[in-house]
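**Student:** In the numbering used here, the protein residues as written are -19 to 240. Glycine included, every Cβ here is placed at the ideal spot set by N, Cα and C. Treat the numbers as computed from the prediction; the structure is a model and nothing was measured. Mind looking over this structure? Questions follow.
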């Protein structure tokens, strides 16, 4: 069927997930929504995020989405189960990489970089309790980093300053694996790695999400039927979002404005 797969994030960090999805499923159509009017989700109350998640899901379904991908760790942590209960289509959501990070660690010390909302969520704590009992977990909140990446660019002085502050504690603690617990952070993976001891592994869950989406589509008999089309939309100023996409993605794409 030619219906698109709906993908959403608070902003454009989810493009890192979208890239993995399109590489694995090149014949699928995708509809990406950046909720930039409410960026960052990490600063929003949980009740707002659950309500907003339902609204975004409804908007994507109204435009024919056959499945949804929550390409935002904060939205997953707070609202994924609410969205699943709300919609009649499959929903694939992110996890902040605690399980693979713990499995990869040889020193027994891992770091997690994420929004404060993700780290404070019951879902994150369940992941730690379930998969990281044998390792020490350093959970580093990164307020301001996602916005700085979008507003100023991955190599900007503002981003460099945030990375200095947030990555240094992990380096001092001697982590050997760091989970990138926000979809914006793969854009600055090089800067993160540069501040960590040589050989430290970074865990990005985008490819795992792509594999899971492929499995879900097959099991629901929803796989294929598209032409690889990509539609971009945002709740914010379209021109500004187009400029940010060009800076991060390397290609300028037209963006629809959805006012809700």
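Do the segment 92 to 104 and the segment 150 to 163 make contact, defined as three or more Cβ pairs closer than 8 angstroms?
**Tutor:** yes
**Student:** Using 8 angstroms as the threshold, is the segment 22 to 42 in touch with the segment 186 to 206, meaning 3 or more CB pairs across them?
**Tutor:** No, the segment 22 to 42 is not in contact with the segment 186 to 206.
**Student:** Suppose the cutoff is 6 angstroms on Cβ atoms and the five residues either side in sequence are ignored; what does the same chain contact list for residue 183 look like?
**Tutor:** Your numbering for residue 183 matches position 203 in the chain shown. Taken in chain order, the residues that qualify are 77, 80, 81, 159.
**Student:** If you reduce the DSSP assignment to three classes, tell me which class residue 119 lands in.
**Tutor:** On the chain shown, position 139 is the one that residue 119 refers to. The answer is strand: DSSP assigns residue 119 an E or B state.
**Student:** Entirely within the segment 33 to 112 and at least 4 residues each: give me those alpha helix (DSSP H) ranges in chain order.
**Tutor:** 53 to 66, 78 to 84, 96 to 100, 102 to 111
**Student:** Terminal residues of the continuous alpha helix (DSSP H) containing residue 222?
**Tutor:** As a first step, residue 222 must be located in the chain shown, where it is residue number 242. From DSSP, the alpha helix (DSSP H) with residue 222 extends over 218 to 229.
**Student:** Out of curiosity, what's the CA-to-CA distance linking residue 142 and residue 51?
**Tutor:** Indexing the chain shown from 1 puts residue 142 at position 162. Indexing the chain shown from 1 puts residue 51 at position 71. Approximately 22 angstroms between the Cα atoms of the pair.
**Student:** Evaluate residue 200 with the Cβ neighbour count: other Cβ atoms within 10 Å of its Cβ, from every protein chain shown; 16 or more gives buried, anything less gives exposed.
**Tutor:** By one-based count along the chain shown, residue 200 stands at place 220. Exposed, because fewer than 16 other Cβ atoms sit within 10 Å of the Cβ of residue 200.
**Student:** Can you say whether residue 166 is buried or exposed, counting buried as having 16 or more other CB atoms within 10 angstroms of its CB?
**Tutor:** For the purposes of this step, residue 166 is taken as the residue at position 186 of the chain shown. That one is buried.
**Student:** Mapping the DSSP letters down to three states, classify residue 7 as helix, strand or coil.
**Tutor:** Start at 1 with the first residue of the chain shown, and residue 7 comes out as number 27. Correct three-state label for residue 7: coil.
**Student:** Taking the beta strand (DSSP E) that residue 181 falls in, what are its first and last residues?
**Tutor:** Looking up residue 181 in the chain shown gives position 201. 181 to 183 is the extent of the beta strand (DSSP E) around residue 181.
**Student:** Exposed or buried, what is residue 127 when buried is set at 16 or more other beta-carbons lying within 10 Å of its beta-carbon?
**Tutor:** The residue you call residue 127 lines up with position 147 of the chain shown. The residue in question, residue 127, is buried, as its Cβ has 16 or more Cβ neighbours within 10 Å.
**Student:** So the alpha helix (DSSP H) residue 236 belongs to, where does it begin and stop?
**Tutor:** On the chain shown, residue 236 is found 256 positions in, with the first residue counted as 1. No alpha helix (DSSP H) contains residue 236, which is instead part of the beta strand (DSSP E) from 235 to 237.
**Student:** If we count Cβ pairs, one from each stretch, closer than 8 angstroms, do we get three or more for the segment 166 to 181 versus the segment 140 to 154?
**Tutor:** yes
**Student:** Enumerate in chain order the residues of its own chain whose CB-to-CB distance from residue 57 is below 6 angstroms, with the five nearest sequence positions on each side excluded.
**Tutor:** Sequence index remark: in the chain shown, residue 57 carries index 77 (1-based). Here the set comprises 98, 101, 103, 104.
**Student:** Beta-carbon within less than 6 angstroms of residue 220's beta-carbon, same chain only, minus the 5 sequence neighbours each way: which residues are those?
**Tutor:** Taking the first residue of the chain shown as 1, we reach residue 220 at position 240. Within the same chain, residue 220 has no close Cβ partners at all.
**Student:** On the CB-based measure, 16 or more other CB atoms within 10 Å of its CB, does residue 8 come out buried or exposed?
**Tutor:** For the purposes of this step, residue 8 is identified with residue 28 of the chain shown, where counting begins at 1. By the neighbour-count rule (16 or more Cβ atoms within 10 Å), residue 8 is buried.
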